[in-house]
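A short write-up of the structure that comes next.
Numbering (my numbering), first residue to last: 147 to 464.
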């Protein structure tokens, strides 16, 4: 679940308000835990083994089975017709997520080219962002997406999680922590960063119904783990109820805590002036020194993460 979806969470909290945003994040996290428990209950089953396949087989004559994909699970429980519906849903979800990732990647590639050329954000770049995206797509994303088996990319999964956690750490380190009873929780300066900080507002509740309606999908997208959980569970060793429950609760709560910190601090720092990509806001406001250095490292890590994650999305869509 940890990935580029977290970049939009500060913007979502700025639109929802920090109280409503935190409430919806907890609600989506609990719904996600419930859905993962349901998936685990229906994915794991004991099947009789041997020539008789008798329904009265003893426990020692049974074998643990686990579905290897979300589609296989849907077909087993809902019938063959469910395959087409499930495949369509996975295609739309994977393709839509990949398009969103490419939009983020395009902006980050343009920023890195400006920095490598010694230019400041807003200067005329040597190459348009779209050209950079085409080059990376043709040279890296397309060949990896055409692989018959993308299993080799699994070794880079820890890199994606590390990049996601590092981005949260960068947001926390870039905030203005100060003892001030008028600030958020008395320790964080609110609305003190960004080009429009003077007119920015830090809300507790949504500005309007439409702003909340537009921001909620960002939370659900960031916290959606159902589509990837079934194959992860299939490779999980010793699928006892206790171990599976521990996997679901520990990972979901850790991710929710990470997202809550990122969203609360990022939205409090920039308020309503926050960019839909929190790294874009950080890149526009850093004024040199170590702060800009860690933001640059975070952007490089994000580019690597997205470049390696896109082939997996396109492989599912393919």
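Glycine included, every Cβ here is placed at the ideal spot set by N, Cα and C.
Can you have a look at residue i and say buried or exposed, based on whether 16 or more other CB atoms are within 10 angstroms of its CB?
| i | result |
| --- | --- |
| residue 180 | exposed |
| residue 395 | exposed |
| residue 162 | buried |
| residue 468 | For the chain, the structure presents residues 147 to 464; residue 468 sits outside this window and is missing. |
| residue 223 | exposed |
| residue 367 | buried |
| residue 282 | buried |
| residue 272 | exposed |
| residue 300 | exposed |
| residue 459 | buried |
| residue 400 | exposed |
| residue 441 | buried |
| residue 415 | buried |
| residue 156 | buried |
| residue 452 | buried |
| residue 386 | exposed |
| residue 213 | buried |
| residue 402 | buried |
| residue 247 | buried |
| residue 356 | exposed |
| residue 175 | buried |
| residue 454 | buried |
| residue 298 | exposed |
Going by C-alpha distance, which of the options is nearest residue i?
| i | options | result |
| --- | --- | --- |
| residue 216 | 247, 337, 362 and 184 | 184 |
| residue 153 | 374, 214 and 365 | 365 |
| residue 371 | 361, 412 and 393 | 393 |
| residue 418 | 397, 178, 302 and 336 | 336 |
| residue 166 | 409, 277, 351 and 282 | 351 |
| residue 457 | 229, 173, 432 and 303 | 303 |
| residue 409 | 265, 311, 305 and 278 | 311 |
| residue 447 | 309, 292, 168 and 213 | 309 |
| residue 211 | 221, 227, 188 and 233 | 188 |
| residue 259 | 441, 385, 374 and 275 | 275 |
| residue 443 | 455, 315 and 246 | 315 |
| residue 373 | 439, 231, 191 and 239 | 239 |
| residue 171 | 214, 369, 286 and 454 | 369 |
| residue 359 | 160, 384 and 190 | 160 |
| residue 232 | 243, 219 and 242 | 219 |
| residue 435 | 249, 235, 319 and 236 | 319 |
| residue 150 | 294, 313, 229 and 389 | 313 |
| residue 169 | 406, 227, 389 and 245 | 406 |
According to DSSP, what are the bridge partners of residue i?
| i | result |
| --- | --- |
| residue 323 | 334 |
| residue 190 | 212 |
Determine the extent of the alpha helix (DSSP H) in which residue i is found, giving its start and end residues.
| i | result |
| --- | --- |
| residue 430 | 424-431 |
| residue 142 | In the structure as shown, the chain starts at 147 and stops at 464, and residue 142 therefore has no counterpart that could be examined. |
| residue 356 | 355-369 |
| residue 243 | 227-262 |
| residue 405 | 387-416 |
| residue 158 | 155-162 |
| residue 374 | 372-380 |
| residue 289 | 288-291 |
Can you determine whether any heavy atom of the ligand GDP sits closer than 7 Å to the C-beta of residue i, and answer yes or no?
| i | result |
| --- | --- |
| residue 449 | Absence of the ligand GDP from the depicted structure is noted, as is the absence of any ligand whatsoever, leaving it without description. |
### Message
Pairs of beta-carbons, one from the region 420-427 and one from the region 250-262, closer than 8 Å: are there three or more?
### Response
yes
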